[in-house]
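J.: I'd like to ask some things about the structure below.
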């Protein structure tokens with residue numbers, strides 16, 4: 112009887128170990144990196160170890176498969192004698208011959224162990240890991256990494272063999288769980304989440320941000336003839352008069368040939384209101400330079416360039432990005448507000464016309 116108790120205890124222990132490996136397997140592949148990384152940056156050792164496990168997914172999966180396989184093989188071998196022996200008593204009591212008892216006992220034991228193994232050793236831990244993947248990964252991944260390092264030689268041998276077979280089919284094995292999404296996948300996620308009522312895209316800003324990545328500078332250019340500019344030698348008083356009549360705060364400056372050479376912001380000349388400076392040309396150091404962006408470049412590249420140069424206005428050309436006066440034909444002007452409006456909607460007091 113004591114051996115039967117040991118066998119039943121072993122069955123429970125092996126089911127728990129099997130459940131751990133199954134839970135760890137699904138946790139590593141379903142956890143979201145975006146939820147784990149902030150914890151790691153805050154100093155969580157468990158989060159750092161979990162990230163390592165996600166970055167070495169194939170090795171971790173090999174470890175779980177090894178553990179699951181060993182447990183599955185042991186469960187029936189360890190539990191069958193104990194359960195079979197316990198079943199002999201009721202089966203004998205109903206008068207079954209010994210040959211039938213052996214067969215019936217094995218069939219019942221197999222059915223019972225299979226049920227326990229599938230339900231408690233596989234499905235329950237799998238469903239738990241899918242329900243709370245991040246929490247499950249933080250809890251289960253660190254011990255899995257430790258176990259993986261203990262059986263590292265075996266895992267590497269198994270992983271090498273598995274990768275070799277995968278390559279035979281023309282597929283390149285990956286060691287890291289895929290946690291990045293393409294633009295189309297993100298757009299699909301946003302659309303499905305909005306339809307399901309789990310995401311409120313008020314004003315369409317999320318959708319606009321996704322569409323923004325597909326826009327080019329050419330779609331945001333203000334043609335040269337529509338731009339209100341001040342001639343070379345314009346005075347602070349001219350800037351203030353234009354602000355009063357047009358309502359914008361930034362105006363481009365042209366050279367004697369009519370080419371756009373820079374721009375001036377109202378605040379650049381507010382301190383020049385005294386009669387001595389108000390009607391004198393705007394000082395050269397108050398005129399801001401214009402950067403150049405290719406009209407066929409992406410809008411987000413233009414935004415990045417304008418932010419890096421702290422520039423609110425840029426010339427759209429066919430040239431490469433830079434601040435050199437030479438570099439292609441100027442096709443128009445792009446304003447920072449116009450770019451930002453593509454992301455957040457209409458902005459009041461813009462300079463998209465002046």
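Residue numbers (the working numbering): 112 to 465. Where a beta carbon is used, it is the ideal one built from N, C-alpha and C, also for glycine.
Per DSSP, which one or two residues make a beta bridge with residue 365?
T.: Taking the first residue of the chain shown as position 1, residue 365 is located at position 254. Its beta-bridge partners are 371.
J.: I'd like the list of long-range same chain contacts for residue 334, defined as Cβ closer than 6 Å, with 5 residues on each side in sequence excluded.
T.: Start at 1 with the first residue of the chain shown, and residue 334 comes out as number 223. These residues qualify, in order along the chain: 443.
J.: Taking the alpha-carbon positions, what's the residue 256 to residue 144 distance?
T.: Counted from its first residue, the chain shown places residue 256 at position 145. Counted from its first residue, the chain shown places residue 144 at position 33. Distance between the alpha carbons of residue 256 and residue 144: 17 Å.
J.: Three-state secondary structure (DSSP) at residue 169?
T.: Counting from 1 along the chain shown, the entry for residue 169 is found at position 58. Residue 169 falls in the helix class under three-state DSSP.
J.: Just how far apart, CA to CA, sit residue 338 and residue 158?
T.: Numbered from 1 along the chain shown, position 227 holds the residue referred to as residue 338. Numbered from 1 along the chain shown, position 47 holds the residue referred to as residue 158. The straight-line gap from Cα to Cα measures roughly 54 Å.
J.: Can you list, in chain order, the residues of its chain with a C-beta nearer than 6 Å to that of residue 236? Leave out the 5 residues immediately preceding and following it.
T.: Position 125 of the chain shown holds residue 236. Same-chain partners within the cutoff: 130, 133 and 134.
J.: Could you compute how far the alpha carbon of residue 162 sits from the alpha carbon of residue 148?
T.: On the chain shown, position 51 is the one that residue 162 refers to. On the chain shown, position 37 is the one that residue 148 refers to. If I take the Cα positions, the gap works out to 7 Å.
J.: For the structure I just gave you, are there three or more beta carbon pairs, one from the region 268–280 and one from the region 162–177, closer than 8 Å?
T.: With a cut-off of 8 Å, the region 162–177 and the region 268–280 count as touching, because enough Cβ pairs lie within range.
J.: Are the Cβ atoms of residue 251 and residue 139 separated by less than 9 Å?
T.: Here residue 251 corresponds to residue number 140 of the chain shown, with the count starting at 1. Here residue 139 corresponds to residue number 28 of the chain shown, with the count starting at 1. Their beta carbons are under 9 Å apart, which means residue 251 touches residue 139 by this criterion.
J.: Is residue 246 near the ligand ATP, with its Cβ less than 8 Å from a heavy atom?
T.: With respect to the ligand ATP, the structure offers nothing, as it holds no ligand at all.
J.: Kindly indicate which three-state DSSP category residue 208 falls into: helix, strand or coil?
T.: Counted from its first residue, the chain shown places residue 208 at position 97. Looking at residue 208 - three-state DSSP - the assignment turns out to be coil, as it is neither helix nor strand.
J.: Return the chain-ordered list of same chain residues with a C-beta closer than 6 Å to the C-beta of residue 417, the five sequence neighbours on each side being excluded.
T.: One-based indexing of the chain shown puts residue 417 at position 306. Result list for residue 417: 425 and 447, in chain order.
J.: Any idea which residues DSSP pairs residue 424 with across the strands?
T.: Indexing the chain shown from 1 puts residue 424 at position 313. 446, per the DSSP bridge assignment.
J.: In whole angstroms, what is the alpha-carbon distance linking residue 354 and residue 326?
T.: The residue given as residue 354 occupies position 243 in the chain shown. The residue given as residue 326 occupies position 215 in the chain shown. About 31 Å.
J.: Which term fits residue 361, buried or exposed, when burial requires 16 or more other beta carbons within 10 angstroms of its beta carbon?
T.: Along the chain shown, one-based indexing puts residue 361 at 250. The residue in question, residue 361, is buried, as its Cβ has 16 or more Cβ neighbours within 10 Å.
J.: Use the C-beta contact count for residue 195: other C-beta atoms within 10 angstroms, 16 or more gives buried, fewer gives exposed.
T.: By 1-based counting over the chain shown, the position of residue 195 is 84. Classification of residue 195: buried, given that the 10 Å Cβ count is 16 or more.
J.: Does the region 112–126 come into contact with the region 204–220, if we say contact requires no fewer than three beta-carbon pairs (one atom in each stretch) closer than 8 Å?
T.: The answer is no - the region 204–220 does not touch the region 112–126, with fewer than three Cβ pairs under 8 Å.
J.: Is the beta carbon of residue 347 closer than 9 Å to that of residue 388?
T.: Mapped onto the chain shown, residue 388 falls at position 277. Mapped onto the chain shown, residue 347 falls at position 236. Taking 9 Å as the Cβ cut-off, residue 388 and residue 347 qualify as a contacting pair.
J.: Would you report the Cα separation of residue 203 and residue 244, rounded to the nearest angstrom?
T.: Within the chain shown, the letter at position 92 stands for residue 203. Within the chain shown, the letter at position 133 stands for residue 244. The straight-line gap from Cα to Cα measures roughly 48 Å.
J.: Have a look at 332, 373 and 398 and flag the residue whose alpha-carbon is nearest the alpha-carbon of residue 427.
T.: Within the chain shown, numbered from 1, the residue matching residue 427 stands at position 316. Residue 332 is the option with its Cα nearest to residue 427.
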